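Asker: For what it's worth, our numbering labels the leading residue of the sequence shown as 11, then goes sequentially. All C-beta atoms in this analysis are idealised placements derived from N, C-alpha and C, irrespective of residue type, glycine included. A quick note: this is a predicted structure, and the numbers were derived from the prediction, not measured.
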Amino acid sequence: MNLPAKITTTTVLPPQPPPKSQITTTTTKHRTVSIKQPKPIDPTISWTSSISRRCRNGQLHQAITEFTNMRLSCATPNHITFITLLSGCVDSPSIGKLFGPLLHAYVHKLGLDTNDVMVGTAIVDMYAKCGFIEFARTAFDRIRDKNKVTWNTMLDGYMKKGLIDDAYKLFDVMPVRDKISWTVLMNGFVKTGHFDQALACFREMQMSGIEPDYVTVIAVLAACANLGALSIGLWIHCLVLRKDFSGNVRISNSLIDMYARSGCIDLARQVFEMMRNRTLVSWNSIIVGCAVNGYAAEALEYFKLLQKEKFKPDGVTFTGALTACSHAGLVDEGLRNFNIMTKTYKISPRIEHYGCLVDLYSRAGRLEEAMRVIENMPMKPNEVVLGSLMAACRTRDDINLAEKLMKYLDPNIDSNYVLLANMYAAEGKWEGSGKVRRMMKGLGIQKQPGISSIEIDCINHEFVAGDRYPHVEKERIYTTLELLSFDLKLCGYVPEMDLYVND
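(1) Hey, is the stretch 257 to 266 in contact with the stretch 220 to 232, meaning 3+ C-beta pairs nearer than 8 Å?
(2) So what does DSSP say about residue 462, is it helix, strand or coil?
(3) Does DSSP put residue 470 in a helix, in a strand, or in coil?
(4) Three or more beta-carbon pairs under 8 Å between the stretch 384 to 397 and the stretch 332 to 350, yes or no?
(5) With DSSP collapsed to three states, give me the class of residue 363.
(6) Between which two residues does the alpha helix (DSSP H) containing residue 485 stretch?
(7) Please name the residue in 462, 435, 416, 439 whose C-alpha comes closest to that of residue 449.
(8) Does DSSP put residue 284 in a helix, a strand or coil?
(9) Residue 395 to residue 121, Cα distance in whole Å?
(10) Between residue 414 and residue 389, is the Cβ-Cβ spacing less than 8 Å?
(11) With three or more beta-carbon pairs closer than 8 Å as the criterion, would you say the stretch 79 to 87 touches the stretch 123 to 136?
(12) Could you check the C-alpha separation between residue 397 and residue 426 for me, to the nearest Å?
(13) Go through its chain and collect everything with a Cβ distance to residue 287's Cβ below 7 Å, but skip five positions before and after it.
(14) If we count the other Cβ atoms within 10 Å of its Cβ and call it buried at 16 or more, is residue 371 buried or exposed?
(15) When the distance is taken between beta carbons, is residue 446 closer than 8 Å to residue 399?
(16) Does DSSP put residue 226 in a helix, in a strand, or in coil?
(17) So the alpha helix (DSSP H) residue 415 belongs to, where does it begin and stop?
(18) My output table needs one value for residue 103: the three-state DSSP class, helix, strand or coil.
(19) Tell me which same chain residues have a C-beta within less than 8 Å of the C-beta of residue 292, skipping the five on either side of it?
(20) Hey, how far is the Cα of residue 61 from the Cα of residue 299?
(21) In the DSSP assignment, find the unbroken alpha helix (DSSP H) run with residue 62 in it and report its ends.
(22) Helix, strand or coil, according to DSSP, for residue 308 in the structure here?
(23) CA-CA distance, residue 402 and residue 408?
(24) Since I believe residue 231 is in contact with residue 211 (beta carbons under 8 Å), could you give me their beta-carbon distance rounded to a whole number of angstroms?
(25) Would you call residue 344 buried or exposed, if buried means 16 or more other Cβ atoms sit within 10 Å of its Cβ?
(26) Please report the straight-line C-alpha distance between residue 471 and residue 428, rounded to a whole angstrom.
(27) With distances taken between CB atoms, is the gap from residue 323 to residue 355 smaller than 8 Å?
(28) For residue 100, tell me which candidate among 167, 294, 451, 374 has the shortest Cα-Cα distance.
(29) Going by beta-carbon coordinates alone, are residue 278 and residue 296 separated by less than 8 Å?
(30) Helix, strand or coil, according to DSSP, for residue 179 in the structure here?
(31) Determine the closest residue to residue 76 out of 257, 294, 58, with distance taken between C-alpha atoms.
(32) What is the residue span of the alpha helix (DSSP H) that residue 82 lies within?
(33) Could you tell me which of 151, 234, 189 sits nearest to residue 204, measuring between CA atoms?
(34) The alpha helix (DSSP H) that contains residue 85, what's its start and end?
(35) Drop a sphere of 10 angstroms on the beta-carbon of residue 31, count the other beta-carbons inside from all chains shown, and report buried for 16 or more, exposed for fewer.
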């Protein structure tokens, strides 16, 4: 009996799903190697990463192209994609103001501008920083669930636009005010020149129990520097030491600036000498501070030390050095520094540098050379530059040169017109004085009243010439002035009344 032939049966198994670990087994001659396969990258993440890289490099055009390609590839952008592009619009406002609203329209179709607080806040920030504050407010109002960042972003937009009343109204209705909210308000007041309000805001912040951070301290010190509020500045310095902010370079720089502008150059130098790490701003602050306070030798010494320390001076550094030379009458050294600035460091002179040259020549009595600087400078001279030479003309009784300056006078600035009119009056040239006054009247120029201020017990007292609302201590002030005037006369002082005939 023959055995039946061998029957081979092939069983086809259903395909098994790949294991979660994505491990592929490869058998070689001697051993088995397991290779872990990389997990596929989500295309949305890949496209967003590429867009983000271009936005960080300031390449918004390329980022927009990438976004277009992303949409053509049918990849779906997410909230991070939109936030990245909106941030890019903020960094490149010239392009962002055109692309931002288009992106907003697309985001609106998806409902993310109202339902996603991060995207909505980015839209508010984009509109505010691109100059569309009304659109920013509209986008802000449409966000359903706002957070602290949203409120602070809108507040910052108002303050940077100078819309103080709108900012105050928003601030009053904020559900939560943190240190960022208060600091945004103070920074806005400082940048718009409302320094008293900045300090008042800081007092309110203190009373509300919110602790300031280093950004707050810098804003308050800037307000103190502009007001010359030394008492408050000293208190802030104590706060800095108490909070252990003394190692913060930016705060130290602000302290130097505040003390220097308050006339306390010794305290400014103490802060500078105690700094462990200094930046170019630190050196510039002490150089300019010494220069404007009349410590010319010290300013020039710091200027030399800066270069020994291998710091590269910038335009501000040379402004301080030139100012020091001007105050000390060092014409040759000032001219040498100006040449070093332009030829060695390749710094293009700005109007303040030309102003220092004019002041340098004017103080030295070299008025014709000062006039040549004004005639040859590449920009129109401002009232400060003209005022330096005009004051020198008054001191030297050079009316002819003062008349040549008339063609440069700004019709919106009264001081140099008044100075010229008074020069004519001092020489008894009433026709010339009347001509200048008629010119002022025809141009609609009105003499601005003089203002002075003094700080007593942390309160800044301001006095305006011809003020309708006299100071509460008026009687005591005038009595003291009479006593001072009497003492001056006893010492032989005679006021130069001819300079005030037409004021």
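Answerer: Here's the rundown:
(1) In the pairwise beta carbon analysis, the stretch 257 to 266 is classified as touching the stretch 220 to 232: at least three pairs are separated by under 8 Å.
(2) Here residue 462 sits in strand by DSSP.
(3) Residue 470: strand per DSSP, three-state reduction.
(4) The stretch 384 to 397 vs the stretch 332 to 350: no contact.
(5) The answer is helix: DSSP assigns residue 363 an H, G or I state.
(6) Its alpha helix (DSSP H) spans residues 484 to 500.
(7) Of the residues 462, 435, 416, 439, the one whose Cα lies closest to the Cα of residue 449 is 416.
(8) Helix.
(9) Rounded to whole angstroms, residue 395 to residue 121 spans 56 Å at the Cα level.
(10) Cβ distance not < 8 Å, so residue 414 and residue 389 don't count as in contact.
(11) Counting Cβ pairs under 8 Å, fewer than three are found: no touch.
(12) Cα-Cα distance, rounded: 6 Å.
(13) Contacts found: 259.
(14) By the neighbour-count definition (other C-beta atoms within 10 Å, threshold 16), residue 371 is a buried residue.
(15) In this structure, residue 446 does not lie closer than 8 Å to residue 399 by Cβ.
(16) If DSSP states are grouped into helix, strand and coil, residue 226 belongs with the helices.
(17) Run containing residue 415: none; DSSP gives neither H nor E here.
(18) In this structure, residue 103 counts as helix in the three-state DSSP scheme.
(19) For residue 292, where only same-chain residues beyond five positions count, the Cβ hits under 8 Å are 259, 262, 263, 266, 282, 285.
(20) Rounded to the nearest angstrom, the gap between the Cα atoms of residue 61 and residue 299 is 46 Å.
(21) Per DSSP, residue 62 is one residue of the alpha helix (DSSP H) stretching across 53 to 66.
(22) Residue 308 falls in the helix class under three-state DSSP.
(23) Near 8 Å, if we compare the C-alpha coordinates of residue 408 and residue 402.
(24) Distance from residue 211 to residue 231 at the Cβ level is roughly 14 Å; contact not present, criterion being Cβ atoms closer than 8 Å.
(25) Buried.
(26) Distance from the CA atom of residue 471 to the CA atom of residue 428, rounded to whole angstroms, is 27 Å.
(27) Taking the C-beta atoms as reference points, residue 355 is found nearer than 8 Å to residue 323.
(28) With distances taken between CA atoms, residue 100 lies nearest to 167 out of 167, 294, 451, 374.
(29) Taking 8 Å as the Cβ cut-off, residue 278 and residue 296 qualify as a contacting pair.
(30) Taken through DSSP and simplified to helix, strand or coil, residue 179 comes out as helix.
(31) Ranked by Cα distance from residue 76, the options 257, 294, 58 are led by 58.
(32) Segment 70 to 82, the alpha helix (DSSP H) holding residue 82.
(33) Nearest option by C-alpha distance: 234.
(34) Element bounds for residue 85: n/a, residue is neither H nor E.
(35) Because residue 31 sits at a pLDDT of 46, beneath the cut-off of 50, its placement in the model cannot be relied upon, and the following sentence gives the value as read from the coordinates. Under this definition residue 31 is an exposed residue.
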